[in-house]
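Structure record follows, encoded as structure tokens.
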Amino acid sequence: MDGLDLLKQHWKDNNSFPKIQKNELQAMLHKSSSSIVKWIFTICCVEFIVWITISIFIPAEREDFLFFQVADVIYNVVFYAFIFFFIYQFYTLLIRIKNTSNTRKLIESILAVRTNAHNYIRFNLIAAYAAFGIQFIQLIVKEYTHRSSWGEMIFVLVLGSILFTLFGFLFIWLFKLYFKILYGILLKKLNSNYDELIRLEENET
Amino acid sequence: MNKNKEIEFVGLLEQHQNVLHKICKLYASDLDTHKDLFQEMVIQLWRSYPTFKGDSKFTTWAYRVALNTAISLYRGKKRKITTVDWDNSLQNICYEEYDPAQEEKLKTLYGAVRQLNDIEKALVYMYLEDKDYTEISETLGISEVNARVKMNRIKTKLKSMINQNGGY
Numbered sequence: 001m002d003g004l005d006l007l008k009q010h011w012k013d014n015n016s017f018p019k020i021q022k023n024e025l026q027a028m029l030h031k032s033s034s035s036i037v038k039w040i041f042t043i044c045c046v047e048f049i050v051w052i053t054i055s056i057f058i059p060a061e062r063e064d065f066l067f068f069q070v071a072d073v074i075y076n077v078v079f080y081a082f083i084f085f086f087i088y089q090f091y092t093l094l095i096r097i098k099n100t101s102n103t104r105k106l107i108e109s110i111l112a113v114r115t116n117a118h119n120y121i122r123f124n125l126i127a128a129y130a131a132f133g134i135q136f137i138q139l140i141v142k143e144y145t146h147r148s149s150w151g152e153m154i155f156v157l158v159l160g161s162i163l164f165t166l167f168g169f170l171f172i173w174l175f176k177l178y179f180k181i182l183y184g185i186l187l188k189k190l191n192s193n194y195d196e197l198i199r200l201e202e203n204e205t
Numbered sequence: 001m002n003k004n005k006e007i008e009f010v011g012l013l014e015q016h017q018n019v020l021h022k023i024c025k026l027y028a029s030d031l032d033t034h035k036d037l038f039q040e041m042v043i044q045l046w047r048s049y050p051t052f053k054g055d056s057k058f059t060t061w062a063y064r065v066a067l068n069t070a071i072s073l074y075r076g077k078k079r080k081i082t083t084v085d086w087d088n089s090l091q092n093i094c095y096e097e098y099d100p101a102q103e104e105k106l107k108t109l110y111g112a113v114r115q116l117n118d119i120e121k122a123l124v125y126m127y128l129e130d131k132d133y134t135e136i137s138e139t140l141g142i143s144e145v146n147a148r149v150k151m152n153r154i155k156t157k158l159k160s161m162i163n164q165n166g167g168y
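So the sequences go chain by chain: V and P. Using UniProt numbering, the first residue of the first sequence is number 1, and each one after it goes up by one. Using UniProt numbering, the first residue of the second sequence is number 1, and each one after it goes up by one.
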């Protein structure tokens with residue numbers, strides 16, 4: 001008889017667990033969940049609030065040129081349309097998480113919310129980077145129209161390019177670090193269980 | 001949800017609570033984690049209770065939600081309390097005819113099962129509960145053939161784990 005069969009022999013008769021009374025069970029129903037989904041929900045809500053707050057409270061400079069005024073309006077419309085899309089997507093993905101689905105589907109639905117959060121942060125960083133780029137172009141144009149000397153213009157151009165590149169690398173680094181630390185720790189178990197399920201299917205097919 | 005539903009649910013849960021305890025026994029290594037996981041399972045079951053139609057057995061519905069909780073939703077114990085070794089605290093009262101040799105064997109087996117990963121533990125649970133491979137594959141979302149192959153591998157793995165630890 002192998003190990004598991006020996007275990008099976010006793011498994012069904014094993015009723016030695018401490019009996020939990022009805023009143024204790026009833027109290028448990030109303031306790032707060034500490035599930036991964038609740039954590040992801042909370043973190044995503046914070047992310048939405050933080051980025052929207054940042055975008056609202058960053059002071060906007062009144063532009064002299066019509067071109068840049070139009071660019072600002074387009075930027076804002078596109079920005080808030082995307083934010084709305086991400087919130088809608090977040091809601092639809094969240095209600096798809098059902099603990100009655102099969103294990104693989106359940107994990108995939110949780111990871112889909114994570115991917116949405118991933119894309120949301122990526123979008124915000126790209127948007128911030130684009131805003132920085134627009135500001136840089138505006139600065140060059142201002143220097144040019146104020147008939148600054150070539151020396152000043154080259155200085156602004158070189159400094160701006162260096163800062164633009166550095167900010168680019170900084171954003172990418174921050175993005176990777178944020179996800180590695182936060183979601184990496186939070187979803188470590190979930191990711192490894194999902195990998196196991198996928199490996200199981202791949203090995204045999 | 002109305003009070004009647006709550007009473008009905010608690011009644012069913014009290015009657016079939018061993019389903020949850022058995023899953024906790026495989027996934028939790030100490031009593032505190034067992035309690036914590038049990039509580040999370042109860043919360044998850046209560047949340048999805050409106051989807052329980054009553055046309056399937058309560059235990060079948062409950063074990064699926066409970067397994068999903070252990071594999072995908074449970075994050076781990078919120079706080080560290082003084083832990084009590086699960087096997088020592090409960091194994092002794094498992095059998096009416098107490099047999100120390102038998103108990104030692106079972107303790108070794110439980111120890112080996114707990115070293116498996118979460119998916120393997122789920123397969124072991126369903127195997128011990130005599131679930132057929134169609135049900136196992138539906139519960140985990142893998143093919144029936146793969147469930148069967150994996151189960152055989154787990155048996156081999158457990159044997160080698162037990163042998164490595166000097167047998168029973």
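Note that CB positions come from ideal geometry on N, CA and C, so glycine has one too. Source: prediction; values computed, not measured.
Item, Value
"Nearest-angstrom Cα separation, counted from Gly141/P out to Asn102/V", "5 Å"
"Cβ of Tyr74/P within 8 Å of any chain V Cβ", "yes"
"Listed by chain order, chain P residues near Trp11/V by CB distance under 7 Å", "Leu128"
"Beta-carbon proximity list for Glu144/P, same chain, < 7 Å, skipping 5 on both sides", "Tyr133, Thr134 and Ser137"
"Chain-ordered residues of the region 184 to 202 of chain V with a beta carbon less than 8 Å from chain P", "Leu186, Lys189, Leu190, Ser192, Asn193, Glu196, Leu197, Leu200 and Glu201"
"Proximal chain P residues relative to Arg104/V, where beta-carbon distance stays under 9 Å", "Leu140, Gly141 and Ile142"
"Cβ pair Ile43/P, Ser33/V closer than 8 Å", "yes"
"Nonlocal neighbours in the same chain, by C-beta distance under 8 Å from Ile81/P, ignoring five residues either side", "Residue placement at Ile81/P cannot be trusted, given a pLDDT of 42 that sits under 50; the coordinates are not used to answer."
"Euclidean distance between Cα positions of Ile140/V and Met153/V", "7 Å"
"Residue-chain proximity (Thr100/V, chain P), Cβ-Cβ < 8 Å", "yes"
"First and last residue of the uninterrupted alpha helix (DSSP H) at Lys8/V", "Gly3 to Trp11"
"Residue-level contact to chain V via CB, Leu158/P, 8 Å cutoff", "yes"
"Pairwise C-alpha distance: Leu166/V and Leu94/V", "36 Å"
"Ala70/P beta carbon less than 8 Å from that of Val19/P", "no"
"CB-CB length for Tyr201/V against Ile119/P, believed under 8 Å", "The sequence given here places Glu at residue 201/V; Tyr does not occur at that position. About 11 Å separates the two Cβ atoms, so there is no contact after all."
"Chain V contact for Glu14/P (CB, 8 Å cutoff)", "yes"
"Between the CA atoms of Arg199/V and Gln91/P - distance to the nearest angstrom", "Low per-residue confidence applies at Gln91/P: pLDDT is 45, beneath 50, and the placement is therefore not dependable, though the value from the model is reported in the following sentence. Cα-Cα distance, rounded: 35 Å."
"Beta-carbon separation (whole angstroms), Leu186/V vs Ser72/P, contact threshold 8 Å", "Wrong, their Cβ atoms sit about 13 Å apart, outside the cutoff."
"Chain P contact for Trp173/V (CB, 8 Å cutoff)", "no"
"Cβ contact check for the region 40 to 60 of chain P and the region 167 to 174 of chain V: 3 or more pairs under 8 Å", "no"
"Span of the alpha helix (DSSP H) around Arg147/V", "Arg147/V -> no alpha helix (DSSP H), and no H or E assigned at all."
"DSSP-derived helix/strand/coil call for Asn193/V", "helix"
"Test item: CB-CB of Leu37/P and Leu13/P under 8 Å", "no"
"Ser35/V beta carbon less than 8 Å from that of Arg75/P", "yes"
"Chain P contacts made by the region 15 to 29 of chain V, where a contact means CB separation under 7 Å", "Asn15, Ser16, Phe17, Ile20, Lys22, Leu25, Gln26, Met28 and Leu29"
"Where Gln21/V sits in the DSSP three-state scheme", "coil"
"Sequence-distant residues of its chain with Cβ nearer than 6 Å to Lys35/P (five each side left out)", "none"
"Cα-Cα separation, Leu29/V to His10/V", "31 Å"
"Integer Cβ distance of Leu116/P from Gly3/V, believed to fall under 8 Å", "With a Cβ gap of about 12 Å, Leu116/P and Gly3/V do not count as contacting."
"Start-to-end residues for the alpha helix (DSSP H) that takes in Tyr127/P", "Asp118 to Leu128"
"Spatial distance of Gln21/V from His21/P (CA atoms)", "14 Å"
"Same chain only: Cβ atoms within 8 Å of Phe179/V, ignoring 5 sequence neighbours per side", "His118 and Ile121"
"Nearest neighbour of Trp51/V, chosen from Val77/V, Val156/V, Gln26/V and Phe123/V [CA to CA]", "Phe123/V"
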